Amino acid sequence: MSKTKLLLDVVTDLHSLADSLQAVADALANNDPVEKPKSEKSEPENPPEKKQVTLEEVRAVLVEKSHDGFTAEVRALLQKYGASKLSEIDPSNYSSLLSDAEGLK
């Protein structure tokens, strides 16, 4: 391809870019929404997912509460969730257990 042809392609692309920029400027000046091309539509936003509470996070809070003098209450919480030790508790209950443990005062 000749240099002249390449330069003509660049000029054509620049004209196209200028037209697009003018359309955006006009839309902003009129406060009109700018329509996105169909291929560039953003994906619908997913609702934020709940953060999964880990065994380590629950263990850290329970140890802290136990050191603060709530050992009996920590044992009662474990029994409330049907376990004698933390590793026996269903991971789906970690969030609730963590909330209960943080409520100990």
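Basically this note's numbering = 1-based index in the sequence shown + 818.
For glycine and all other residues, C-beta sits at the position ideal for the given N, C-alpha and C.
None of these values were measured; they are calculated from a predicted model.
With DSSP as the reference, label residue i as helix, strand or coil.
i    : result
Q870 : coil
N911 : helix
L922 : coil
Inspect the beta-carbon positions of residue i and residue j and report whether they are closer than 8 Å.
i    : j    : result
L895 : A919 : yes
S766 : V871 : Look at the range of the chain in this structure, 819 to 923, and you will see that residue 766 is not part of it.
E891 : L915 : no
By how many angstroms is the C-alpha of residue j removed from the C-alpha of residue i?
i    : j    : result
A836 : V876 : 58 Å
M819 : D831 : 17 Å
L873 : E906 : 11 Å
E882 : R893 : 13 Å
H833 : D827 : 10 Å
V842 : K869 : 39 Å
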